[in-house]
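2 protein chains.
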Amino acid sequence: MHILILGAAGMVGRKLTEKLVRDGRLGNRDITRMTLQDVVAPAKPAGASIPIELVTSDFADPKTAAPLVAHKPEVIFHLAAIVSGEAEADFDKGYRINLDGTRYLIDAIRAIGGGYKPRLVFTSSIAVFGAPFPDKIGDEFIHTPLTSYGTQKSICEMLIADYTRKGFLDGIGIRLPTICVRPGAPNKAASGFFSNIIREPLAGKEAILPVSEDVRHWHASPRSAVGFLVHAGTMDLQAMGPRRNLSMPGMSVTVGEQIAALERVAGKNVVARIKRETDPVITGIVSGWPRDFDTARALKLGFTTAEKTFDDIIRIHIEDELGGKFVD
Amino acid sequence: MHILILGAAGMVGRKLTEKLVRDGRLGNRDITRMTLQDVVAPAKPAGASIPIELVTSDFADPKTAAPLVAHKPEVIFHLAAIVSGEAEADFDKGYRINLDGTRYLIDAIRAIGGGYKPRLVFTSSIAVFGAPFPDKIGDEFIHTPLTSYGTQKSICEMLIADYTRKGFLDGIGIRLPTICVRPGAPNKAASGFFSNIIREPLAGKEAILPVSEDVRHWHASPRSAVGFLVHAGTMDLQAMGPRRNLSMPGMSVTVGEQIAALERVAGKNVVARIKRETDPVITGIVSGWPRDFDTARALKLGFTTAEKTFDDIIRIHIEDELGGKFVD
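So the sequences go chain by chain: F and L.
In this text, residue positions in the first sequence follow full-length UniProt numbering: the first is 1, and each later residue adds one.
In this text, residue positions in the second sequence follow full-length UniProt numbering: the first is 1, and each later residue adds one.
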């Protein structure tokens with residue numbers, strides 16, 4: 001089985017690649033070949049025995065998609081996107097990459113024809129939803145995004161459902177929760193603090209909390225995100241019918257509950273590294289974000305998180321990113 | 001005030017043009033100029049004193065939009081589309097006209113800049129919804145279209161909301177009910193019979209009813225459709241906030257109720273011209289269509305229908321299309 005990962009150099013792409021290389025298979029089929037694409041060179045996973053081709057190309061270029069699908073990968077993970085903040089700051093770039101790029105891809109798949117109908121797993125986002133919300137956002141709640149990024153993700157969901165309905169591909173779109181704890185350097189995105197306040201104190205560094213502790217948000221660990229992608233790549237998609245996009249399970253917690261979990265897992269010294277500096281701009285942005293979901297459909301379709309509590313989310317970070325240790 | 005109508009040669013476009021020419025104004029502003037565009041030459045309304053420019057052009061051509069908006073029309077009614085059946089039969093043509101054409105238009109508006117921010121009234125459709133439905137489809141029900149046409153309409157709604165949010169234009173999308181009674185020749189569209197069974201018998205001709213009498217559907221008269229467009233062209237759009245698309249009011253009736261109304265308005269002889277010939281294909285298609293709506297938001301925003309009963313819908317047809325007479 002040949003797997004293509006678009007946007008393979010991103011955090012989720014790297015973790016998905018590592019998991020697939022480690023397993024050597026997707027579902028019950030051996031992986032015989034992988035193609036990793038991104039706009040910056042994706043890293044070749046160490047010790048991979050599967051032949052891996054690395055492709056550096058611009059997803060917004062109309063010529064990018066055709067050679068990537070020419071060898072007819074059976075499963076395509078489409079993680080390529082520019083993030084919310086950049087799509088908002090550069091309107092044209094956002095539409096070029098997040099919308100046009102996806103159209104080039106699905107049209108390139110369709111152009112191959114001859115019965116080629118790959119599974120296409122698309123990472124959508126809870127940014128497709130815009131306030132005001134019900135207490136829990138259910139599987140039939142309207143998309144009224146309040147960002148260009150959310151608009152582009154929702155449009156791609158629509159396209160993938162229609163191309164699937166027409167038999168051009170076999171698509172599924174999964175709306176990932178905010179990934180927490182996001183590894184790497186502190187992120188300047190408005191959502192960055194949800195991870196910063198856990199990751200930085202565990203590394204012995206200070207972190208700024210710019211909102212009040214009663215702010216509630218929707219989280220899943222990187223391990224869960226990879227698990228969702230693998231399940232989307234292997235499950236029976238016929239069971240979904242024509243509604244091919246859905247919100248993934250996650251955990252709704254307040255910032256106060258995040259901090260309490262950090263104290264339980266890592267102690268008072270670590271928590272003391274969180275500094276409160278209210279930022280009215282970030283507070284305003286975050287007030288328009290989803291807080292909680294009812295993901296009955298995803299659960300019924302077999303999507304499950306790797307964590308049961310926010311304590312688990314912190315432990316997963318310590319295990320997967322910190323080699324089991326943190327700075328007390 | 002300069003008004004541009006795209007898709008002016010269609011049934012709703014013609015009726016809107018006639019109304020605007022008759023009134024000479026939109027809201028409290030005199031119309032000083034009109035531009036009527038369509039892929040076939042739009043007819044010049046008889047006796048119009050307003051200068052009217054007729055443009056025959058292909059909405060799917062990337063060069064069509066710029067000259068149409070170059071003179072900065074203050075209000076643009078965007079009715080240009082190929083219909084559901086054709087968009088389903090010709091996939092590429094549907095996306096070219098119903099999606100790409102709209103993007104060319106809004107990008108041409110944006111390219112003018114310099115504070116140009118026209119009101120854009122977009123005709124969307126209840127085809128953005130796909131079964132299964134609740135008993136009444138509310139203002140927050142998800143779009144899961146089951147046709148390419150519905151997909152394209154929903155995507156255009158998203159784009160217009162985002163371009164509005166970014167300040168490039170001042171948009172509103174209105175989802176029209178099925179227009180009944182549709183004037184003109186019997187329509188081969190799957191929905192054609194809803195109008196055929198009223199219009200043809202009133203003209204002394206037979207009509208085929210291909211579904212059972214308990215089929216329920218959502219209707220509004222052509223007069224209501226024009227009223228919705230005029231209201232959308234004049235109302236205070238700030239009151240809508242960022243959710244710029246909404247379902248229009250209509251009337252939910254069964255085919256049996258349509259026929260009972262026809263008998264009340266026109267008598268037994270007319271009703272006797274309806275022949276029952278069940279068509280399982282049409283029955284299947286129609287079973288996936290919306291039946292009833294809760295349009296609380298549109299009603300609150302001042303959208304109203306011209307009819308209170310289905311009897312009124314028939315009387316409007318007799319008044320507006322048949323000069324007050326029908327064949328007994």
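Backbone N, C-alpha and C define an ideal beta-carbon position, used for all residues, glycine too.
This structure is a prediction, so every number in the text was calculated from the model and none was measured.
Around G130 of chain L, the beta-carbon contacts reaching into chain F at under 7 Å are P242. The beta-bridge partner set that DSSP reports for Q37 of chain F consists of F:L6 and F:V55. With a threshold of 8 Å between beta carbons, E277 of chain L makes no contact with chain F. Comparing alpha carbon positions, the residue from F:F168, F:E18, F:P222 and F:G323 closest to R110 of chain F is F:F168. At least one CB atom of chain L sits nearer than 8 Å to the CB of L146 of chain F.
The beta-bridge partner set that DSSP reports for L246 of chain L consists of L:I174. In the DSSP assignment, M251 of chain F is bridged to F:H219. Among the residues facing chain F, E140 of chain L is included, as its CB has a counterpart in that chain under 8 Å away. At the C-beta level, P73 of chain L and L4 of chain L come within 8 Å of one another.
Under the Cβ distance rule, T64 of chain F does not count among the residues neighbouring chain L, no pair being separated by less than 8 Å. A207 of chain L: member of the beta strand (DSSP E) spanning A207 to L209, first to last residue. Apart from sequence neighbours up to five positions away, the residues of its chain that approach A225 of chain F with a beta-carbon distance below 6 Å are V12, L176 and I179, ordered along the chain. Counting along the chain, the unbroken alpha helix (DSSP H) around I155 of chain L starts and ends at S148 to R165. By alpha-carbon distance to V181 of chain L, the top candidate from L:L54, L:S57, L:S148 and L:W218 is L:W218.
The three-state secondary structure of H71 of chain L, taken from DSSP, is coil. Within chain L, the residues whose beta carbon sits less than 7 Å from that of S154 of chain F are M158, listed in sequence order. Taking a beta-carbon distance threshold of 8 Å, T151 of chain L counts as an interface residue toward chain F.
Around the beta carbon of G114 of chain L, a 10 Å sphere encloses fewer than 16 other beta carbons of the protein chains shown; the residue is thus reported as exposed. The C-alpha of P51 of chain L lies about 53 Å from the C-alpha of V69 of chain F. Residues of the same chain with a CB within less than 7 Å of the CB of G324 of chain L, apart from the 5 flanking positions on each side, are I318 in chain order. Here the alpha carbons of R291 of chain L and I31 of chain L stand approximately 38 Å from one another.
Within 10 angstroms of the beta-carbon of G130 of chain L lie 16 or more other beta-carbons, which makes it buried. Counting C-beta atoms within 10 angstroms of its own C-beta, L229 of chain F has 16 or more neighbours from the protein chains shown and is therefore classed as buried. Residue contact check for K117 of chain F against chain L: no CB pair falls below 8 Å. Remark: C-beta atoms of L209 of chain L and I198 of chain L do not approach each other more closely than 8 Å. The C-beta separation of R119 of chain L from G302 of chain L comes to about 15 Å, leaving the pair out of contact by the 8 Å criterion.
Of the residues assessed, D38 of chain L falls on the buried side of the cut-off, its CB having 16 or more other CB atoms within 10 angstroms. Interface flag for F91 of chain F against chain L is set, since a Cβ pair is found closer than 8 Å.
D162 of chain F has a beta carbon lying within less than 8 Å of a beta carbon in chain L. The alpha-carbon separation between R165 of chain L and C156 of chain L amounts to approximately 14 Å.
Contact note: K166 of chain L reaches chain F through F91 and S148, using a C-beta cutoff of 8 Å and chain order. Where T123 of chain L is concerned, the enclosing beta strand (DSSP E) starts and stops at R119 to S125.
If you draw a 10 Å sphere on the C-beta of P201 of chain L, you find 16 or more other C-beta atoms in it, and that means buried. Under the 8 Å criterion on CB atoms, H2 of chain L is classed as non-interfacial with respect to chain F. In this chain, the beta strand (DSSP E) harbouring K275 of chain L covers I274 to R276. By the criterion of at least three beta-carbon pairs nearer than 8 Å, the segment 280 to 298 of chain F is in contact with the segment 126 to 140 of chain F.
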